[in-house]
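Trainee: Numbering (my numbering), first residue to last: 68 to 164. For reference, the structure I am asking about is given below.
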């Protein structure tokens with residue numbers, strides 16, 4: 068996870084040369100601190116601010132705004148469970164990615 072967050076600083080060259088950048092999807096049982104760990108590591112990208120994870124239930128506008136805010140700051144979707152969402156919602160999130 069630390070390696071993926073560190074590589075976010077070089078996201079633009081990756082996208083230029085390879086045309087893609089990997090997504091990080093962390094799985095595991097509840098209560099292991101997945102969200103807390105991501106929030107703490109994402110502090111690398113913020114100065115005097117906190118990162119705020121979004122939920123998959125956020126509007127497409129909110130997700131698009133966070134995606135367009137920076138080319139290197141990662142977007143954190145908390146509780147992203149594609150198997151538990153409606154197919155149309157999952158498709159719209161995938162289209163944004």
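Where a beta carbon is used, it is the ideal one built from N, C-alpha and C, also for glycine. Remember, predicted model here, so these are calculated numbers, not experimental data.
For residue 163, which residues does DSSP report across the bridge?
Mentor: Here the question's residue 163 lines up with position 96 in the chain shown. Bridge partners of residue 163: none, in fact.
Trainee: From residue 101 to residue 151, what distance separates their C-alpha atoms?
Mentor: As a working note, residue 101 is residue 34 in the chain shown. As a working note, residue 151 is residue 84 in the chain shown. Near 19 Å, if we compare the C-alpha coordinates of residue 151 and residue 101.
Trainee: Could you tell me which whole alpha helix (DSSP H) segments of length 4 or greater appear in the segment 94-121?
Mentor: With a minimum length of 4 residues, the continuous alpha helix (DSSP H) runs that stay inside the segment 94-121 are 101-108.
Trainee: DSSP has residue 69 in a bridge; who is on the other side?
Mentor: The sequence position of residue 69 within the chain shown is 2, counting from 1. According to DSSP, which records beta bridges pairwise, residue 69 is partnered with nothing at all.
Trainee: Give a yes or no on contact between the segment 116-125 and the segment 78-93, applying the rule of three or more CB pairs nearer than 8 Å.
Mentor: These segments do not touch.
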